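**Student:** Below you will find the structure I want to go over with you.
In the numbering used here, the protein residues as written are 815 to 976.
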C-alpha cells in the first residue's frame, strides 16, 4: 500500500484529517516519485539483460546448480529459474514504485521458504540468486538510483536468509 493510501486509511479509521507530519510524508513520497518511476522503467526495460547477467553470475558462483543432479540442470529447470528471476525483479519494481516493502512481503515472501523447501530448491541458492539479480540490476542504475533500489533487494535477501 502506498504512503498516500496508508495515510488516508489511518486518518479515516480515526475519523480525523491527516496530520501535518502525515501530509509531509505524502509530499516527500510524491517528490521521490520521478526517481522511483525512473528506476522501475530501467529495470523493466532491461529485464532480459538483467536476468541473463544474473543467471550467468549465479552459474559461475554455483556451477553445481546446472550440473547433472542440480536444481537448474536441463533446459526446463533452467527456464523455471529464469522465470523466477523475472518474477522477483518485477516484484522489486512494485516495491520501488510504491515506495514500500509491503508489496514484496504480501505478494512474494509469504510462504516462499516453505514453497522452495517443498520443491527441494535450496533456499541459500535462492539467496545467492537474488544477490546476483541485485548486482546485475544495480549495475544499470545511476549511483542515486542504486542507493534507492538496493534496500528492496536486501529485503528479499534478508527474508530468505532468516
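Cβ atoms here follow ideal geometry from the backbone N, Cα and C, with glycine treated the same way. Remember, it's a predicted structure, so these values are computed and weren't measured experimentally.
Expressed to the nearest angstrom, what Euclidean distance is found between the alpha-carbon atoms of residue 928 and residue 905?
**Tutor:** Their backbone Cα atoms lie some 19 Å apart in a straight line.
**Student:** Quick one: measure Cβ to Cβ for residue 963 and residue 951, integer angstroms, because I've assumed they're closer than 8 Å.
**Tutor:** Sure, about 7 Å apart at Cβ, within 8 Å.
**Student:** Between residue 847 and residue 856, what straight-line distance do the alpha-carbon atoms span, to the nearest angstrom?
**Tutor:** The alpha-carbon atoms of residue 847 and residue 856 are separated by roughly 14 Å.
**Student:** Measuring alpha carbon to alpha carbon, tell me which residue in 960, 966 and 971 is nearest residue 937.
**Tutor:** Checked all of 960, 966 and 971; the closest Cα to residue 937 is 971.
**Student:** I need the DSSP call for residue 968, collapsed to helix, strand or coil.
**Tutor:** Three-state result, residue 968: helix.
**Student:** If you count every other CB in all the chains shown that lies within 10 Å of the CB of residue 888, and 16 or more means buried, which is it?
**Tutor:** Label assigned to residue 888: exposed.
**Student:** Assess, as a yes-or-no matter, whether the region 859 to 875 is touched by the region 947 to 961 under the definition of 3 or more beta carbon pairs within less than 8 Å.
**Tutor:** Counting Cβ pairs under 8 Å, three or more are found: they touch.
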